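Report on one structure; see the data block that follows.
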Amino acid sequence: MKIVDRVFDGKAKNMKILIVDDEVEIIDILTTLIESEVSCEVVTAETGNQAVSILESTSDIDLILSDYNMPDGNGATVFDHNRSNGNIPFVFVSGGYLEDYEDISSFYEVNEKNAYIHKPVDFEELITTINNVFEGSDISENNSKYCHVSINLLLKYGCKSEDVFIKLSEEKYIKIKNAEEDSLDEIMKYQEKGNDRFYMLRESFLPFMDSIIINHNNKLLGTPAKISHIDICGDSLEIMQDSLIQLGLTSDQLLLINTTIETCIDILDSEKSLKDHIQVFLKGRGYFISHSMTAAHISYLLATKLGMGQDSIINKLLYAAILHDILLPNSEVCKIYNIGGDEYSALDSISKKLVKEHATECSKMLSNSDKVPSDVLTIIREHHELPNGEGFPRGVSESNIFGLSLIFIASLHIADHLYHEGHSKDSMYRLLDKLKSRGFASGHSERIYLQFKGIVEKASY
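Following this note's numbering, the numbering of the sequence shown begins with 311 at its first residue and continues without gaps.
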C-alpha cells in the first residue's frame, strides 16, 4: 500500500461522509482507510432505510459511499432518495455490476462526480475517487504521523507487529502496547474505561491495513481455482505477475482480474458448443496460455488508465483474451504476428492457412454463441491488424479498426514482448520503440501509446 498523491487545496475543512453497508467489517475498513488520509467525520448505516433516515435528519453530509445489496432498503433506495434530495456525490462500493442493477438509472448523468468502486476495495482507488469528488474544495487532509485504527479490526486481527497508542491531546500520544506483544489486554482495559480511539504510527498502519484487506478479500473472493492452477511452462504465474505488478497493478487488482477471468470462463464453459474449446484453453501450456493471461491483465490496465474501466468493457476484453486463439493447435503458431516474417515462411501450407485465417474463422464460429457479445467477435476478428496497416488478415489501418480492438492488439504485443524479452528497463523502452514502429504513437492509437509510455516511465525497475 502506498499513499496516493492528494489534490486538496485551501483552508482546512472537515467533511462528513455517510458509509452504508450491511457488513460491519467493511464499514470499519472503509472508515479506517478514509480517516488515515482525510480529516473527516464518518456517519454509518447498515441498511438502506437507515441511511435515508440519516439523510432526512442531517443536512451536512458531503459524500455517500454505499453498498448495493442490503436488507431493509438496498443501495437504489439510498441513491433515489439522494437524487431527489440534494444530489450530493454518490459512490457505489459493491461487488456486483452497475449495469445489472435495473433499479439504478442515469447514475453518472445525474451527478458527474458519482463513481463506482468494485469490491474488493482497492485503497488507492478509494482515496483517488474521494480526491476527484472534492477536487478544488477546501478539504483538510490528515497529515498526522498517527492513524486511527478501528477497535473492531484490532481485536479481530490482532496487532502483534505494531505499537498501539492512545491520544491524550492534539499533539500528545502515549504508547499502550509495544510491537511483538501478543496480548491485547491493555487495549481491552482502555476500551472498558470508555476509550475506543486507538492509533498506530503511519509507517506501521499501512502494512497492517494491507494485511487486513488481503485477508478480507480472500474471504470475499475465495481462491480463483481455474486460474491459479494454470501451469505456464517456462514462465510461472508468479513471474508473469511480477511483470504486471512492476507495471502498476496491485495485488488486489490481480486478484479481482483473475476472479473475473474465472467468472468469464465459467460462463463460456456453460455453453455446450464452447465447452471443448474452453477445456483446451484451460489445459494450454507455455506461450499459448501465458500470452493470453498477460494480455488479459494488460487490457485491464490500459482500459482503466484510459477511463474505460466499466465492467462491460473489461469483460469484453477478457473474453477476447480467452477466446482469440482457441482454433490454433499449439504455442508455436500462436507466436506468429507477422505473415511476412521467416517464422511464417517456414510453416507448411496448412499451418500458413490456419494462421492467416484463424481470426476470421474463430469470429465466425463464435457468432453462433449466445454468450459472446458482438463486440468480442470484432475484437477477435481484428486482433492481428495493426494501426499502421501492416497487420492481417485485412491489412487495414487504425481508422478502420474498432477502438477496443486497438487496446487488445496493443495488449497482445506487450504480452508477447514480456514473454520473450522480460521486463527490465531497457526491454520496456525497446517495447515502446516497437509499438511506435507499428503505428501506436499516432492517430487514434496515440492515447493508448501515451498511457503505456506513462506506465513504463513510472514503473519500478
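Just so you know, even glycine gets a beta-carbon here, dropped at the ideal spot from N, CA and C.
Quick caveat, the model's predicted, so the values are computed rather than measured.
Fully enclosed alpha helix (DSSP H) runs of no fewer than 4 residues occupy 652-655, 659-676 of the segment 652-686, in order along the chain. Cβ contact annotation for isoleucine 484 (same chain, cutoff 7 angstroms, sequence separation greater than five): Phe475, Ile476, Leu478, in chain order. Annotation note: the segment 613-639 contains the following uninterrupted alpha helix (DSSP H) runs of length 4 or greater, listed N- to C-terminal: 621-633. Considered as a whole, the segment 366-429 harbours 373-376, 400-404, 425-428 as its complete beta strand (DSSP E) runs of no fewer than 3 residues, in chain order.
The beta carbon of isoleucine 646 is closer than 7 angstroms to those of Glu653, Tyr654, Val665 in its chain, skipping five residues each way along the sequence. Shortest Cα-Cα distance from alanine 606 to any of Lys326, Leu565, Asp586 involves Leu565. With a contact defined as Cβ atoms closer than 8 angstroms, alanine 751 and histidine 601 miss out at about 22 angstroms. Here aspartate 370 is exposed: its Cβ has fewer than 16 other Cβ atoms, across all protein chains shown, within 10 Å. It is roughly 34 angstroms from the alpha-carbon of arginine 704 to the alpha-carbon of glutamate 767.
CA-to-CA, the gap between isoleucine 765 and phenylalanine 712 works out to about 23 angstroms. Annotation: lysine 482 is outside any alpha helix (DSSP H) and is labelled neither H nor E by DSSP. With fewer than 16 neighbouring CB atoms inside 10 Å of its own CB, methionine 498 falls in the exposed class. Between isoleucine 524 and isoleucine 339 a beta carbon distance of about 11 angstroms is seen, past the 8 angstroms cut, so the two are scored as non-contacting. Comparing alpha-carbon positions, the option among Ser460, Glu345, Thr614, Lys455 lying closest to glutamate 435 turns out to be Thr614. Here lysine 470 is exposed. Its C-beta has fewer than 16 other C-beta atoms within 10 Å. Counting only the Cα atoms, isoleucine 374 lies some 8 angstroms from isoleucine 398. Ranked by Cα distance from leucine 741, the options Leu657, Leu722, Cys574, Ile437 are led by Leu722. Residue Ser346 holds the alpha-carbon nearest to the alpha-carbon of isoleucine 437 among Glu513, Leu633, Ser346, Tyr509. Isoleucine 344: member of the alpha helix (DSSP H) spanning 334-347, first to last residue. Around the beta-carbon of glutamine 589, fewer than 16 other beta-carbon atoms lie within 10 Å, marking it exposed.
Assignment of glutamate 356 by DSSP, reduced to helix, strand and coil, places it in the coil class. In this structure, the CA atom of isoleucine 577 is about 12 angstroms from the CA atom of threonine 569. Judged by DSSP secondary structure, leucine 494 falls outside any alpha helix (DSSP H); it is assigned neither H nor E. Under the 10 Å beta carbon count, alanine 631 is surrounded by 16 or more other beta carbons and is classified as buried.
Pairing valine 334 with asparagine 462 gives a Cβ-Cβ distance under 8 angstroms. When the Cα atoms are used, lysine 429 and leucine 657 turn out to be separated by approximately 47 angstroms. Rounded to the nearest angstrom, the gap between the Cα atoms of histidine 391 and isoleucine 486 is 44 angstroms.
In the DSSP annotation of this structure, cysteine 457 is not part of any alpha helix (DSSP H); the continuous beta strand (DSSP E) holding it starts and ends at 456-459. Rounded to whole angstroms, the separation of the alpha carbons of aspartate 562 and leucine 465 is 24 angstroms.
Boundaries of the alpha helix (DSSP H) around lysine 744: 735-747. When rounded, the separation of the alpha-carbon atoms in histidine 727 and valine 362 is 52 angstroms.
DSSP, reduced to helix, strand and coil, places phenylalanine 702 outside both helices and strands of the structure shown, so it counts as coil. Distance between asparagine 710 and leucine 745, taken at the CA atoms: about 18 angstroms. Here the C-alpha atom of glycine 699 lies approximately 48 angstroms from the C-alpha atom of proline 517. Comparing alpha carbon positions, the residue from Phe400, Leu408, Ser416 closest to lysine 423 is Phe400. About 11 angstroms separates the beta carbons of methionine 519 and glutamate 472, which is beyond the 8 angstroms limit, so they are not a contact pair.
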